[in-house]
Ligand code: G6P
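Numbering (full-length UniProt numbering), first residue to last: 246 to 609.
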């Protein structure tokens, strides 16, 4: 087993460090630089949907929430993102020009599979985004797009989410280009940015781990945590909170930063810290004022941010290198994963096999 962990203490850590390679594996054969085009022949047979419904569970659901931003802003396709266990029991309204995208690392999650079957029975096409060739979801979908994450052993999903986000980016670009809906500069920046992610992440991962270790020492005693973000950082905040509770059993909530004032901020005091995602983007001033609201209630703040925001007034600054636009998520996500990993390891938890959890939930 030690050998299969490749010298890492846990599978989770190994899988976090595999992410640069996973990114490049997911891009192989997908980008035609000359034509500034994305190649996703799996989608050629489907007309551009009037509405896209993304359905998933757990971490795959958070990836879907993240992807929604790209489909809307790049491809101009209206998107709903649904928790599979809710979607299957609602009277969901699906129209004949809609498309459903199910996301499942394992391809076996019972609720997601049930949604796929339900949607197909209504004559609406289903595309699967999955990591496992030959899985039930891959077999039953009208088409499957495979994430090239390789086997994920750790129960808590890490590299699978990164691989899903890469493919979601490619899908959004694919539909955008097909409809001529995308500014040329955005397409160029996105394609170049995706191609540069592997070396960038390889360089930064050891530094992210060091910082995560430092923060774990300071914050492992917390009993509760907020993770806040806006825009693409909101799904990342949800994922950061999910990872922390899964691994360390510390209560954590991911929140849309602007929603805090509608209740959750009542919980803040000096013992309830906040992990804020504050990218150097158009939403930064808003996130900054949300951070100040937390601080005004004596809440401690870790801020994951970029140098250019010039944010200084938090308890712990975590400055990460800045890449292009939404692709900053691919640096922030491993930072969140490593933070939870280090807290859980510091607390002596069973990182690869957290209590009460299963890798794949094949019963309802
Ligand atoms: C379980 C796993 C999670 C995973 C979720 C959905 O709860 O512990 O890590 O995100 O199932 O799994 P799927 O295979 O459908 O992506």
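Note that CB positions come from ideal geometry on N, CA and C, so glycine has one too.
Query, Result
"Own chain partners of residue 589 with C-beta closer than 6 Å, once the 5 adjacent residues on each side are dropped", "492, 493 and 596"
"Cβ neighbours of residue 321 in the same chain (closer than 6 Å, five flanking residues each side left out)", "426"
"CB contact flag (residue 473, residue 502, <8 Å)", "yes"
"Alpha-carbon to alpha-carbon, residue 262 and residue 271", "15 Å"
"Straight-line Cα distance separating residue 269 from residue 445", "12 Å"
"Any non-hydrogen atom of ligand 1 closer than 7 Å to residue 474 Cβ", "no"
"Residue 377 vs residue 383 beta-carbon contact at 8 Å", "yes"
"Three-way DSSP call (helix, strand, coil) for residue 561 in this model", "strand"
"8 Å contact criterion, which residue 571 and residue 255 should meet: CB distance rounded", "Actually they do not touch by this definition, with Cβ atoms about 29 Å apart."
"Proximity test, residue 606 beta-carbon vs ligand 1 heavy atom, cut-off 7 Å", "yes"
"Residue 346, enclosing alpha helix (DSSP H) - first and last residue", "That residue, residue 346, is in no alpha helix (DSSP H); its beta strand (DSSP E) goes 344 to 349."
"Helix, strand or coil at residue 495 [DSSP, three-state]", "coil"
"Length-filtered (3 minimum) beta strand (DSSP E) runs lying within the segment 354 to 408", "371 to 375 and 388 to 391"
"Backbone CA spacing between residue 329 and residue 345 [nearest angstrom]", "12 Å"
"Nearest-angstrom beta carbon gap, residue 485 and residue 499 [assumed within contact, 8 Å]", "6 Å"
"Inter-stretch contact at 8 Å, needing at least 3 Cβ pairs: the segment 357 to 364 / the segment 438 to 456", "no"
"Ligand 1 heavy atom lying under 7 Å from the CB of residue 366", "no"
"C-beta atoms of residue 337 and residue 299 nearer than 8 Å", "no"
"Residue 303 CB to nearest heavy atom of ligand 1 below 7 Å", "yes"
"Residue environment, residue 537, which counts as buried when at least 16 other CB atoms sit within 10 Å", "exposed"
"Chain-order list of residues whose beta-carbon lies under 6 Å from that of residue 332 (same chain, five-residue window excluded)", "300 and 360"
"Check: residue 392 C-beta below 7 Å from any heavy atom of ligand 1", "no"
"Any non-hydrogen atom of ligand 1 closer than 7 Å to residue 371 Cβ", "no"
"C-beta contact flag for residue 607 and residue 355 at 8 Å", "yes"
"For residue 546 and residue 539, believed in contact at Cβ under 8 Å, the rounded distance", "6 Å"
"Neighbour-count burial assignment, residue 343, 16 or more Cβ in a 10 Å radius", "buried"
"Separation of residue 410 from residue 585, as counted between CA atoms", "20 Å"
"Buried versus exposed call for residue 273 [16 or more other C-beta atoms within 10 Å across all chains shown]", "exposed"
"Member of 398, 310 and 417 whose CA lies at the smallest distance from the CA of residue 282", "417"
"Where residue 419 falls, given that 16 or more other Cβ within 10 Å makes a residue buried", "buried"
"Cα-Cα separation between residue 357 and residue 555, rounded to whole angstroms", "43 Å"
"Minimum length 3: unbroken beta strand (DSSP E) runs contained in the segment 249 to 329", "297 to 301 and 324 to 328"
"Distance, residue 522 Cα to residue 353 Cα", "32 Å"
"Beta-carbon proximity of residue 370 to residue 449, cut-off 8 Å", "no"
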